[in-house]
Amino acid sequence: GRWSRLAAQQMLSQDDILGFEPLGNVTLIHMTDIHAQLTPLYFREPEVNIGVGANRGEVPHITGAEFRRFYGIEDGTPAHYALTYNDFSALAKGYGRMGGLDRIATVIKAIRAERPDALLLDGGDTWHGSYTCLKTAGQDVVDAMNLLKPDAMTFHWEFTLGSDRVHEILDTLPFAALGQNIFDAEWDEPAERFKPYQFFEKNGVNIAVIGQAFPYMPIANPGWMFPEYSFGIRDEHMAQMVQEVRDQGADLVVCLSHNGFDVDKKMASVVPGIDVILSGHTHDALPEPVVVGDTIVIATGSNGKFVSRVDLDVRDGKMMGYRHKLIPIFSDVIAPDAEMAAQIESSRAPFLADMQEVIGQAEGLLYRRGNFNGSWDDVICDALLSEREAEIALSPGVRWGPSLIPGQDITREDIFGVTSMTYPEAYRTEMNGEFLKVVLEDVADNIFNPDPFYQQGGDMVRVGGMGYRIDVRKPQGERISEMTLLATGEPIDPARNYVVAGWASVNEGTEGPPIWEVVESHIRKLGTVNSDENTSVTVDGA
Amino acid sequence: MDNVKPRVKVPSKASAGESVTIKTLISHPMESGQRKDKDGNVIPEHIIDRFTATFNGETIIDVAMEPAISTNPYFEFQAKVPESGTFTFTWHDQDGDVYEETGEITVG
Amino acid sequence: MGAGAAFLALLPFPVSAAVEDAVTEFTGGTEPGEGGVELNAPEIAENGNTVPVEVSAPGASAILLLAAGNPEPVVATFNFGPMAGSQTASTRIRLAKTQDVIAIAKLEDGSFARTTKNVKVTIGGCGG
Ligand SMILES: [Mn+2]
Ligand SMILES: [Mn+2]
Chain A
1 GRWSRLAAQQ MLSQDDILGF EPLGNVTLIH MTDIHAQLTP LYFREPEVNI
51 GVGANRGEVP HITGAEFRRF YGIEDGTPAH YALTYNDFSA LAKGYGRMGG
101 LDRIATVIKA IRAERPDALL LDGGDTWHGS YTCLKTAGQD VVDAMNLLKP
151 DAMTFHWEFT LGSDRVHEIL DTLPFAALGQ NIFDAEWDEP AERFKPYQFF
201 EKNGVNIAVI GQAFPYMPIA NPGWMFPEYS FGIRDEHMAQ MVQEVRDQGA
251 DLVVCLSHNG FDVDKKMASV VPGIDVILSG HTHDALPEPV VVGDTIVIAT
301 GSNGKFVSRV DLDVRDGKMM GYRHKLIPIF SDVIAPDAEM AAQIESSRAP
351 FLADMQEVIG QAEGLLYRRG NFNGSWDDVI CDALLSEREA EIALSPGVRW
401 GPSLIPGQDI TREDIFGVTS MTYPEAYRTE MNGEFLKVVL EDVADNIFNP
451 DPFYQQGGDM VRVGGMGYRI DVRKPQGERI SEMTLLATGE PIDPARNYVV
501 AGWASVNEGT EGPPIWEVVE SHIRKLGTVN SDENTSVTVD GA
Chain B
543 MDNVKPRVKV PSKASAGESV TIKTLISHPM ESGQRKDKDG NVIPEHIIDR
593 FTATFNGETI IDVAMEPAIS TNPYFEFQAK VPESGTFTFT WHDQDGDVYE
643 ETGEITVG
Chain C
651 MGAGAAFLAL LPFPVSAAVE DAVTEFTGGT EPGEGGVELN APEIAENGNT
701 VPVEVSAPGA SAILLLAAGN PEPVVATFNF GPMAGSQTAS TRIRLAKTQD
751 VIAIAKLEDG SFARTTKNVK VTIGGCGG
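In C-alpha cells form, the structure reads like this:
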C-alpha cells in the first residue's frame, strides 16, 4: 500500500538495491524456486531450521537474531525484514511486499545494461505454485520467463506437470534444459531431452554450466507422473562431466543445482573442479557465498524475493576472484518493467475475478516456513480435521507458499498459493498408531539424517490433532516419542486405528476433493482466521 | 506366456579383443508369489528363472533368477569379442516357454 | 506423504537365518573374506520395486546376490563364462523395506569374498 511504499522509499532506493561495483569478466545472475509467484508477496523466512551432523549451527541453519548477528545485520533494517522472521508483520507494513517478476525484469535489464554478457540461470521450481500456473499447466510462467531470456534452467516441481506436458514445453523452450542426473529409467542412460551441460562463450571466457536436477524426484513427488526418468545425486557422473568440460576447454565450471544447500556443500567436497554452485531447493537466502574448498556456493532464496548477482574474475582457466550480492526485490522500491507487467497482467486477466474472490480474513500472521509447523499449515490441518471428519491430519512439509500478514483478506488465489499442485486429493483413511510412528520417523530421517546425501530438503510433515516429541540427534526409529492424541490427551495406541486425513499423497489413485476446496470451505465457515501458537511438537537436540 | 518382448542393446562393431557393454530387457511381470489379489488369495509365483548370454555358442553369463528380480528384468554386463559373430540371449520362463533374441557384431 | 495404502516396516532388520543358510549353500561353509567384491546400489531407492544394483568381482566365477530383509533373501546368482568381458553385472531388484543388500563372490582361487550395502526404502512425499 501507499504507507509501505513511503516507508520503504525513505529507507531504500532502486539505485541502492542495484548498486554493485563490477568485478572481472564474467557475471552470473541466479534466480531459483520462484514457485510461479509472478506478483509481489509477503514471505516470512523460518524461525526453526535445524542443522544436523557437521551442519549443526552452520548457515543456513541459523535464524533470527543469531542470523543477523552472524552477517552484521542491524535490527529493523531492510535486510532484517527480508532475511529473518522476527517482527515480520510490523516490518512488512513498513517495507511492503517483495518479489514480482516485473521487478525482477527491471533488475535483470539493469545488470545486462552494465554487463551485456551476463548469464541468467534459473534453478527450477519455476513452473509450479500458483493459481494461474496450475490452470495453465505452467504456460503463464513459461511465457513470462521467456521474456527474461534465461540461458539455462534445471528442474524439480516442473515434473509434477507430468512428463508429457514437460516434453511439450521443452519442445518450445528457447534455452537449455539441463540435468546431468536426469537419466532414462529404462536403459539407465542420460536422458536425451536434458543435456548434462551447456557451453557459453562470454567475453572470451568459456563457461560450462552443468545442470543438477532435484535428486529425489520420484521419492518426494509422484514418480508415476514421470515414469520415464530416474534421478539421484550421481556425484560420480557429475565428476565425469566436470572432467569432460574441463577437457573441452572450460575456463569456468558453474553447477546450476537443485540439490538443496547441505547436499550442494557435500557435493562440492566430493566433486573437485566446480567453481560456482548456484544452489536451489531448500529456499535458503544467504547474503554471502559459503566457500567449500575452491568452490563457492550461492543460495538465492525463493518466491522471487531475491536475485543473486555474481561477478567473477576468470583468467587462464582459473577463477581468481568473486564479488556477490543477494539483491532483495523490494516491490515498492524497484520500478516494474512495463513489458513484463503487461505480460503478467494479460496472463492473469482470464482468472482475475475467480482468484480475487475474498474467502475470509487473516487475523494473525499466516506463514509456512519452519521445520515443524507454520500457522498456514495449522489452518490446513484444521480444515482437514473438520471438513473430512478426521482425528489426525497430515500435511506435507513443503517450503513454498507465500505468507499473509494480519488484517489481510484471504483470497482464493492465496489459498492456491499454499496448496496448488497436480496431486491435491484430500484423502481420508485409517492408519494404526504404529504406522503413524513409521511415517513420522521416515519423514524425520529425510530431514535430520546427519549425512546430507540422505536429506530430501523439505520440512517435517505437519500434524493436526496429534502432538509428539522429537529428538533430531537420534537415528531413524528412535527420534519420535510421546505421540499424543490432542483431543483426549491420551497416548497414541500402536494397535488402534485412527481416522487420518491428508493430502499430496505420492500414491497413484488417491481419492478425495482437492485440498483447496477443503481449505476454502473451512475458511468460509470461520470468516476470520486466527493463528494461535502451536505447541504440539517438542523438539530436543536443536 | 504371450506378449513377452525381449530387447537388447548390442554394439554392431568392435575391434578384435575388445570388451563391449550389453544391455537386455524383457517385458515380464515376474509375479513374486508374495502378492494377494482383491479377495485375499495369493497370486501364484510366475517368473523367468534363468537368463543366459552366449557369443558364438560360448557362455558370457548365466544367471539364476529369483522372484526378487524386478518386473521387466534388466541385465547389463560385458562380453569379450575376439571375432565377428552372434550373441544369443535366452530367457527361460518357469512355465516352460523360452524366449530368444540374437545380435550380430562385426570385428574390423 | 503416503496415504497409508500399504504397510511397510522400514527399519533395519537383523540378518536372518535364511540369509546365512543361503550363504552356506553357496560357499560350502567356507568363511568369506573381505575385499575382492564390490556392490553398487543407491543410498535411497527411488522405488523399492526396482532398485538398480551392480556387482563386480574381478576373476570371480560366480556372484551371489542377497537382499537380507526380503521374505526370500536370495535374489540371483551370476555365473560368468569364458566370454565374459568382466565379472561385472547389473540388474534391478525388489526391496521390501530398508535393508542390507549382500554380494558374495566365488573368486579365482576358490576363496569367497563378501560385501554389504544398506539401501534405504522410504515412504516419500514432501519437498522444497
Ligand atoms: Mn525444490
Ligand atoms: Mn522450491
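Chains as they are written, first to last, in this note's numbering: chain A, 1 to 542; chain B, 543 to 650; chain C, 651 to 778. Beta carbons are placed, not taken as given, at the ideal position from N, Cα and C, and that holds for glycine.
* To do: Check the Cβ-Cβ distances between residue 555/B and every residue of chain A, and say whether any is below 8 Å.
  => no
* With which residues is residue 498/B paired in a DSSP beta bridge? -> Since the first residue of chain B shown is 543 and the last is 650, residue 498/B is not available in this structure.
* Coarse secondary structure for residue 503/A, derived from DSSP in three states -> coil
* Which one or two residues does DSSP pair with residue 592/C in a beta bridge? -> Outside the displayed range of chain C (651 to 778) lies residue 592/C, so it cannot be described from this structure.
* To do: Please confirm if the stretch 439–458 of chain A is in contact with the stretch 248–255 of chain A, defined as three or more CB-CB distances below 8 Å between the two stretches.
  => no
* Among 380/A, 222/A, 359/A and 527/A, which one has its Cα closest to the Cα of residue 367/A? -> 380/A
* Option nearest residue 200/A by Cα separation, candidates 44/A, 187/A, 245/A and 193/A -> 245/A
* Asked: For residue 543/A, which of helix, strand or coil comes out of DSSP?
  -> With chain A represented from 1 up to 542, any question about residue 543/A goes unanswered, as that position is not in the structure.
* Asked: Between which two residues does the alpha helix (DSSP H) carrying residue 146/A extend?
  -> 139–148
* Asked: Does residue 36/A get closer than 8 Å to chain C when you measure Cβ to Cβ?
  -> no
* For residue 343/A, the three-state DSSP class (helix, strand or coil) -> helix
* **Cβ separation of residue 504/A and residue 423/A, assumed to be a contact under 8 Å, to the nearest whole Å** => 6 Å
* Limits of the unbroken beta strand (DSSP E) element including residue 464/A -> 462–464
* **Coil, strand or helix - residue 581/B by DSSP** => coil
* Asked: Taking 8 Å as the CB-CB cut-off, is residue 736/C touching chain B?
  -> yes
* To do: Kindly give me the distance between the Cβ atoms of residue 648/B and residue 555/B, rounded to whole angstroms, as I take these residues to be in contact under 8 Å.
  => 5 Å
* Distance CB(residue 701/C)-CB(residue 740/C) smaller than 8 Å -> no
* With residue 702/C as the anchor, note down where its beta strand (DSSP E) starts and where it stops. => 701–706
* Pairwise C-alpha distance: residue 283/A and residue 659/C -> With a pLDDT of only 41 at residue 659/C, under the threshold of 50, the placement of this residue in the model should not be trusted, and no figure is reported.
* Could you give the distance in angstroms between the alpha-carbon of residue 316/A and the alpha-carbon of residue 25/A? -> 12 Å
* Taking the C-alpha atoms as reference points, what is the distance between residue 184/A and residue 234/A? -> 13 Å
* Asked: To the nearest angstrom, how far is it from the Cα of residue 174/A to the Cα of residue 744/C?
  -> 40 Å
* **Check: residue 544/A C-beta below 7 Å from any heavy atom of ligand 1** => With chain A covering 1 to 542 only, the question about residue 544/A has no answer from this structure.
* Within the 8 Å Cβ cut-off, does residue 187/A reach chain B? -> yes
* To do: Going by DSSP, name the residue or residues bridged to residue 428/A.
  => 501/A
* Give the C-beta separation of residue 334/A and residue 103/A to the nearest angstrom, bearing in mind that I take them to be a contact with Cβ-Cβ under 8 Å. => 4 Å
* **Validate contact between the stretch 387–398 of chain A and the stretch 512–526 of chain A using beta carbons, cut 8 Å, 3 pairs** => yes
* Asked: Is the Cβ of residue 718/C closer than 8 Å to any Cβ of chain B?
  -> no
* Partners in chain C for residue 558/B, counting only beta-carbon separations shorter than 9 Å -> Going along chain C, no residue has its Cβ under 9 Å from residue 558/B, so there is no contact; the nearest lies around 13 Å.
* Going by beta carbon distance, what residues of the same chain come within less than 8 Å of residue 695/C, once the five residues before and after it are set aside? -> 701, 745, 769, 770, 771 and 772
* Asked: Is the beta carbon of residue 157/A within less than 7 Å of some heavy atom of ligand 1?
  -> yes
* Nearest chain A C-beta to residue 565/B closer than 8 Å, yes or no? -> yes
* To the nearest angstrom, report how far apart residue 482/A and residue 500/A are at their CA atoms. => 18 Å
* Asked: Straight-line CA distance for residue 707/C to residue 278/A?
  -> 39 Å
* **Closest residue to residue 137/A among 27/A, 164/A, 7/A and 302/A (Cα-Cα distance)** => 164/A
* residue 618/B CB to nearest chain C CB: under 8 Å? -> yes
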